[in-house]
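Residue numbers (the working numbering): 1 to 245. Even for Gly, the Cβ is constructed at its ideal location relative to N, Cα and C. Okay, so here's the structure we're looking at.
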Ligand SMILES: Nc1ncnc2c1ncn2[C@@H]1O[C@H](COP(=O)(O)OP(=O)(O)O)[C@@H](O)[C@H]1O
Ligand SMILES: [Mg+2]
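Structure representation (structure tokens):
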């Protein structure tokens, strides 16, 4: 017997899972979100946590009622990344065809893989849960359904302890072969301890600029804390960062 076409009613119910207007998503994105709902990864997409230049982040809910974060890379800004040094020299993405959707997808997959490295290295970062095309699902960083603040808004919450935690994480990442390459107070969320986010531009140590990116990450963190009365020597910190075990 031929398969019956799926009833329209089900599609309608699926649409109702979007508490926000589905007009905010383009068709390709909607299809990917529907797929994630059908697979039981997501139950509802609740509201935008952040709308950025390169990506939007939404709070969503799983069938078991847990919150997750859904980061959707923008397809229309992909041309901007076409020549991006972050992507080009990464051997993991040497063979992708450079369509806009593929570029947005490459960043989502890159972030997913970088988050996997962090998870294995014990770095404080979101847990990667699912990735499909330019849509990434990760653990939600927040409390009672609300996202933690980023450090640019909250400032350090535990003085020099926070600096130590961030530097430890950068070092653990480096030892696992990864450099974040975009560390700043905007990409650190303040939970019980600082948590690094936004790993789309993270590079492996084989990247020709990985050392430069690492130094820049450390410098930005040190300067931020120095302005708040917590000075550390850059040279010594780098020495410790690169130290062989
Ligand atoms: N896992 C997460 N849980 C909760 N909020 C998040 C999560 N990831 C990102 N956010 C929020 O979304 C904002 C943008 O995320 P980010 O990954 O930095 O993307 P971009 O800077 O490229 O727009 C963050 O500043 C933070 O407020
Ligand atoms: Mg960011």
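Specify, as a first and last residue, the run of the beta strand (DSSP E) that residue i falls within.
| i | result |
| --- | --- |
| residue 62 | Per DSSP, residue 62 belongs to no beta strand (DSSP E) and is neither H nor E. |
| residue 99 | Taken as a continuous stretch (DSSP letters only), residue 99 belongs to no beta strand (DSSP E), as it is neither H nor E. |
Can you tell me the Cα-Cα spacing of residue i and residue j, whole angstroms?
| i | j | result |
| --- | --- | --- |
| residue 1 | residue 45 | Any answer about residue 1 is weak, because its pLDDT of 46 lies below 50 and its placement is not dependable; what the coordinates show is given next. When rounded, the distance between both Cα atoms is 36 Å. |
| residue 151 | residue 187 | 8 Å |
| residue 211 | residue 64 | 42 Å |
| residue 40 | residue 32 | 13 Å |
| residue 26 | residue 36 | 16 Å |
| residue 122 | residue 202 | 16 Å |
| residue 220 | residue 92 | 27 Å |
| residue 128 | residue 138 | 4 Å |
| residue 179 | residue 30 | 32 Å |
| residue 238 | residue 217 | 11 Å |
| residue 233 | residue 62 | 45 Å |
| residue 196 | residue 38 | 30 Å |
| residue 156 | residue 28 | 39 Å |
| residue 244 | residue 227 | 30 Å |
| residue 120 | residue 175 | 11 Å |
| residue 118 | residue 171 | 11 Å |
Does the beta-carbon distance from residue i to residue j come in below 7 Å?
| i | j | result |
| --- | --- | --- |
| residue 73 | residue 125 | no |
| residue 69 | residue 42 | no |
| residue 241 | residue 163 | no |
| residue 251 | residue 131 | Since the displayed the chain opens at 1 and closes at 245, residue 251 lies outside it and no answer follows. |
| residue 181 | residue 140 | no |
| residue 191 | residue 224 | no |
| residue 71 | residue 49 | no |
| residue 115 | residue 199 | yes |
| residue 165 | residue 193 | yes |
| residue 222 | residue 177 | no |
| residue 75 | residue 55 | no |
Taking 6 Å as the cut-off, does the CB of residue i come closer than this to any heavy atom belonging to ligand 1?
| i | result |
| --- | --- |
| residue 209 | no |
| residue 58 | no |
| residue 50 | yes |
| residue 66 | no |
| residue 69 | yes |
| residue 138 | yes |
| residue 194 | no |
| residue 156 | no |
| residue 126 | yes |
| residue 63 | no |
| residue 141 | yes |
| residue 181 | no |
| residue 54 | yes |
| residue 150 | yes |
Could you spell out the range, first to last residue, of the alpha helix (DSSP H) harbouring residue i?
| i | result |
| --- | --- |
| residue 69 | From DSSP, residue 69 is part of no alpha helix (DSSP H) but of the beta strand (DSSP E) over 67-73. |
| residue 41 | No alpha helix (DSSP H) holds residue 41; DSSP gives it neither H nor E. |
| residue 93 | Careful: residue 93 lies outside any alpha helix (DSSP H) and carries neither H nor E. |
| residue 234 | 234-242 |
Taking 6 Å as the cut-off, is the CB of residue i close to at least one heavy atom of ligand 2?
| i | result |
| --- | --- |
| residue 187 | yes |
| residue 198 | yes |
Step through the CB atoms of chain C and report whether any lies within less than 7 Å of the CB of residue i.
| i | result |
| --- | --- |
| residue 234 | No chain C is part of this structure, which consists of one protein chain only. |
Item to check | Contiguous beta strand (DSSP E) assignments of at least 3 residues, all confined to the segment 175-225 | outcome: 188-190, 194-196
Checklist entry - Taking only runs of the alpha helix (DSSP H) that begin and end inside the segment 118-158, which ones reach a length of at least 4 residues, in chain order? => result 151-154
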